[in-house]
Every structure is written in structure tokens, then in C-alpha cells.
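In mature numbering (1 follows the signal peptide of the UniProt record, and there is no 0), the protein residues as written are -20 to -1, 1 to 208.
Ideal Cβ placement from N, Cα and C applies to all residues, glycine included.
Notes to accompany the following structure.
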Amino acid sequence: MFTGVCLFVGTISAVAGVYATISSKDNNVTLKYMKGVQGESDLHLCESHEVCNVVHDLFWMSGLTERLCRCPNGRKCPWRWTKTPDNSSAILNNRSLLKFCTQIAELETCAHRQEAVIVHGEGNTSNSYLIPHNVTVNCRCPQTHYWKLQKYTYEEHGLVQVFRCVKKRMCDTLEFCGYIRTDLYSTYYRCTCPERHLCIFNTEDKTEVNVQELLYSGPAYMAYCYRL
């Protein structure tokens, strides 16, 4: 049972949301509600295979869970971080998971050009922020793959992004390998580095760009395969 709720102030994204810290006997978790949502009662009911939570494993504090929608019939959306994704989870990046109201094991593996994820939200043409409203997954993306932006459109009522599931290739020493968020330091991989390498950025010569990734638009560091 949760034993307390208090407001939490942070600078985790470019667009402010409402934060609440939930304390239990064994765990502390910080919930983030998107702009315009003040709490659980403001969340819409999740549709089939819609992402209800995004769970982040942070380096410096208790877990962060971004709330997107409420599961129907009083069902709880999973909010715990797990190193190995279960049947109600999908990998977003190396430190973040997508959570669902029901098991997604029934979904077929994504085809090469299939529209794997569709995001409806708010954003701008400079890719400096993203406020997701609805995120629907159509297939299962294997851990050997990553989410790649296929197309995006700015419509009257907001931004629509379509991602597909693409296999990560092998990359070489010092080759670009992914983008690292400047706020959470989680990595969106593009390829797999060789053995005894890490996909990291150079702290003395950081290259920062604005990116459009699944559930994140904003500044990121370019990462490269560095030998250990």
C-alpha cells in the first residue's frame, strides 16, 4: 500500500508537467503527469495495446514513471522497473520500458516496413519538446531492433509520429552508435558496438543535437563506440 504522496519539483524535460512522489514500504517512485493532466482522474482510459506508463531507471534517484492513460475496469498499470521485460512490457531504450494494461505477447513480431508505433501528441518543428497524448503499439519489436521514425506530420490538433521496428546492425570502433538524452542519460541505440566497447559520448567534446525519438523530442548527445 502507498503510504504518502507529496509534490516533487524537477527539471526532467523541456516542458513542465506535474510530479508526485509515491512512497511504499519497499519502493519510492516519482510519477510524472503530462502537461494539462493534474492527476489520475484527468487521464483518459487506455485503448487496446496503448502504452499506459513509461518507466525510467534513473542513475541518481528513485524510479520515474510517466503516466499516459488509465487501464479500464480498475486494472493497475504496471509501474515497476524490471531488468528483463515481462509480457506487459516493451523496451523503449537502454533504461526505459513501455508498460501496458494487458499482455502484448499476443502481438506478432513487427514486419520490416510495418507501422509499429503511432504517437499522437504535441510538439514543434524544432524538435525541442514532445507531449505524448496517445501511444499505440501494433506489433512486438525484438530486443535486437530499435524504434526508427518513419514519418511525422503536424496536423491541426497536434503532431502524429509513426515508428517502425528496424534491426540494429554491428558498428565499428569510434562509429556513431546512438543518441543519449541530456536529461535522463538514457540511450537510443542505432547499432551494436563491438565487444569490449561502450556506446558513450566524449565528455570533453560533446556534440548536442535535437532529435525525434520514440516518446522523446529534445536535446541529445551523439554517442560513439569507445573501446574499454
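Query                                                                                                                                                                              : Result
Is the region 45 to 65 touching the region 83 to 91 in the sense that three or more CB pairs, one from each, lie closer than 8 Å?                                                  : no
Are residue 168 and residue 193 touching if we call contact CB-CB under 8 Å?                                                                                                       : yes
From residue 77 to residue 36, what distance separates their C-alpha atoms?                                                                                                        : 7 Å
Kindly indicate which residue of 199, 195, 207 and 191 has the alpha-carbon position closest to the one of residue 100.                                                            : 195
Would you mind working out which of 10, 21, 23 and 39 sits nearest residue 164, comparing C-alpha positions?                                                                       : 39
In angstroms with no decimal places, state the Cα-to-Cα distance between residue 213 and residue 146.                                                                              : As shown, the chain starts at -20 and ends at 208. That puts residue 213 outside it, with no answer to give.
What does DSSP give as the partner residues of residue 141 in its beta bridges?                                                                                                    : 99 and 132
May I ask which residues mark the beginning and end of the beta strand (DSSP E) holding residue 164?                                                                               : No beta strand (DSSP E) holds residue 164; DSSP gives it neither H nor E.
Measuring only the C-alpha atoms, how far is residue 229 from residue 143?                                                                                                         : No information on residue 229 is available, as it lies outside the stretch -20 to 208 that the chain covers here.
Count the other C-beta atoms from every protein chain shown that fall within 10 angstroms of the C-beta of residue 46, then say buried if there are 16 or more, exposed otherwise. : buried
What residue does the beta strand (DSSP E) around residue 69 start on, and which one ends it?                                                                                      : 69 to 73
Can you name, in chain order, every residue of its own chain whose Cβ lies under 6 Å from the Cβ of residue 189, other than the five neighbours on each side?                      : none
According to DSSP, is residue 197 part of a helix, a strand, or is it coil?                                                                                                        : strand
Shortest alpha-carbon distance to residue 141 belongs to which of 149, 150, 128 and 152?                                                                                           : 128
Taking the alpha carbon of residue 48 as the point to measure from, which residue in 203, 17, 156 and 55 has its own alpha carbon closest?                                         : 17
Excluding the five sequence neighbours on either side, which residues of its own chain have a C-beta within less than 6 Å of the C-beta of residue 149, listed in chain order?     : 171
Using a Cβ-Cβ cut-off of 6 Å (strictly less than) and excluding sequence neighbours within five positions of residue 132, which residues of its own chain qualify?                 : 141
Less than 8 Å between the C-beta atoms of residue 159 and residue 203, yes or no?                                                                                                  : yes
Let me know the secondary structure DSSP gives residue 190 once reduced to three states.                                                                                           : strand
Can you name the residues that DSSP bridges to residue 150?                                                                                                                        : 172
Count the other CB atoms within 10 Å of the CB of residue 281; is the residue buried (16 or more) or exposed (fewer)?                                                              : The question about residue 281 has no answer, for the chain in this structure spans -20 to 208.
With residue 120 and residue 84 assumed to form a contact (beta carbons below 8 Å), what rounded beta-carbon distance in angstroms separates them?                                 : 6 Å
Would you report the Cα separation of residue 111 and residue 102, rounded to the nearest angstrom?                                                                                : 5 Å
Residue 134 and residue 197 - do their beta-carbons sit closer together than 8 Å?                                                                                                  : no
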